[in-house]
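**Q** Note that this note's numbering has the sequence shown beginning at 33, numbered continuously upward.
Cβ atoms here follow ideal geometry from the backbone N, Cα and C, with glycine treated the same way.
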Amino acid sequence: MASSADTGTYLLVVAIGTIMAVLVGLVLQRSGLGFLREVFEDHDAAQSVSRLLSVAYYTVAVGFIALMSTWDPFEIEGTVQYVVTKIGSMLVFLGILHVVTLVVLARIRNNSRVQQMAANLRGGRRAPRDPGPSQALGPGGS
């Protein structure tokens, strides 16, 4: 364990890691909600799934940050090097967690599209096209 890793250093690492996790989580929640609203016709259901995914993300992220703040796999000299190494590890993990969350959202959306296309084909209809900006407004442009 690094000699410079006192309680204040641990708290600094946890605080910075938590702030990073919250910022990444907010981006995921806002962006993911758009994905989920495309999948679910009911916007309340999309919001609920978004909240559940957010809880899972924050639980994993904060748990990892807590573990990383105390785990020292090798000797690190100096407080600055210690904090930078810990924050770098957390950034790599949060990046991986971000990608995993995006993959989950993409799979949910793709599964919904496949089911919709299969239902349309069973009914003898072609899959509906994505309406352009002018067509999405309906007749008369309103």
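Got a sec, what are the start and stop residues for the alpha helix (DSSP H) ILE97 sits in?
**A** Taking the sequence shown and counting its residues from 1, the one referred to as residue 97 is at position 65. Here the alpha helix (DSSP H) through ILE97 covers 75-102.
**Q** Please classify GLY120: does DSSP put it in a helix, a strand, or coil?
**A** In the sequence shown, residue 120 corresponds to position 88, counting from 1. The answer is helix: DSSP assigns GLY120 an H, G or I state.
**Q** Run through DSSP, which three-state label would PHE72 get?
**A** The residue labelled residue 72 in the question sits at position 40 within the sequence shown. Reduced to three states, the DSSP call for PHE72 is coil.
**Q** Which value, in whole angstroms, describes the spacing of the CA atoms of TYR114 and THR102?
**A** For this step, residue 114 is matched to residue 82 along the sequence shown. For this step, residue 102 is matched to residue 70 along the sequence shown. Looking at the two C-alpha atoms, the distance is approximately 11 Å.
**Q** How many angstroms separate the CA atom of ALA98 from the CA atom of ARG141?
**A** On the sequence shown, position 66 is the one that residue 98 refers to. On the sequence shown, position 109 is the one that residue 141 refers to. Cα-Cα distance, rounded: 32 Å.
**Q** PHE96 and PHE125 look like a contact to me (Cβ under 8 Å); what is the Cβ gap, rounded to whole Å?
**A** Within the sequence shown, numbered from 1, the residue matching residue 96 stands at position 64. Within the sequence shown, numbered from 1, the residue matching residue 125 stands at position 93. So it is a contact: roughly 5 Å between Cβ atoms.
**Q** Nearest to ASP38 by CA position, among MET122, GLU109 and ARG139, is which residue?
**A** The residue given as residue 38 occupies position 6 in the sequence shown. Of the listed residues, the one whose Cα sits closest to ASP38 is GLU109.
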